[in-house]
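Only one structure is covered here, and it is reproduced in the block below.
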Amino acid sequence: MALRNSLTRLRPALRARTFAKPTKKRLEWTDEMEARVLQQMRGESNSFGAATLEDGNEKRTHISEVDAGGFELRGDVFVPTSICCLPYHAFLWRARVQEDVTVEALRLFTVVHPRPEIVVVGLGARGPRERLVDVEAHFREEGIALEQMDTANAVHTFNILNDEGRTVGGAFLTLEPRGIDEYADPLADKVT
């Protein structure tokens, strides 16, 4: 009842927003734009003036704890799922079990700049049941070393290499795979 009264009082304050109409501004080709395109074509620049993934973030990724439910990053953020890590960034990863670790699932490491020189893959609590031969072959063709081991050792290896300043990547499955329904948004069915 109190919530309804509060909303009734606020209703007059809620107004429809109006937005400015977009203008048609003509883009002029400049010498600077041409120089950027030429740099990109010669391979001297990674993009059209965009920052690389390592720019603007001075803190290196550090996984401070590994447990059955996920990973703790830098001692203050707990991530309850598998993760992919770069020297300065960590990303959620959909892989749950070793069979989910494919070339496509690890595509991130072949498209980022700068490319990692080594990728450490943690394959759960017991480690690799069988070598990921097709993934190894793909990474070898790309010029990236791939190491497969259990998740706890993979995390420690990643932390050491990253602390040394190496360009390293890491993909880590949780120690215990979670059910697919545990990854779903718990509030998704409550939204109307």
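For what it's worth, the numbering used here labels the leading residue of the sequence shown as 254, then goes sequentially. Each residue gets a CB set at the ideal place from its N, CA and C atoms; glycine is no exception. Since the structure is predicted, the reported quantities are computational estimates derived from the model, not experimental observations.
Query	Result
When DSSP builds the beta bridges, which residues end up paired with Ile336?	Leu345 and Phe425
Between Asn415, Thr427, Arg431 and Pro381, which has its C-alpha nearest His342's C-alpha?	Asn415
Throw me the rounded Cβ distance for the Leu376 and Glu389 pair, which I believe falls under 8 Å.	About 13 Å; that fails the 8 Å criterion.
Looking only at its chain, what residues have a beta carbon closer than 6 Å to the beta carbon of Thr410, apart from the 5 residues adjacent to it on each side?	Val373
In terms of residues, what are the limits of the alpha helix (DSSP H) holding Asp387?	Val386 to Glu395
Quick one: residues in its chain with C-beta nearer than 6 Å to the C-beta of Glu318, no 5 flanking neighbours on either side, listed in chain order?	Glu325
If you run the structure through DSSP and keep just helix, strand and coil, what is Glu285?	helix
I need the DSSP call for Ala405, collapsed to helix, strand or coil.	helix
For Leu306 and Asp284, what's the separation of their Cα atoms in angstroms?	At Leu306 the pLDDT is 49, less than 50, meaning the model places this residue with poor confidence; the figure from the coordinates comes in the next sentence. Each residue's alpha carbon lies about 27 Å from the other.
What are the partner residues of Ala378, as DSSP defines its beta bridges?	Answer is none; Ala378 lacks a bridge partner.
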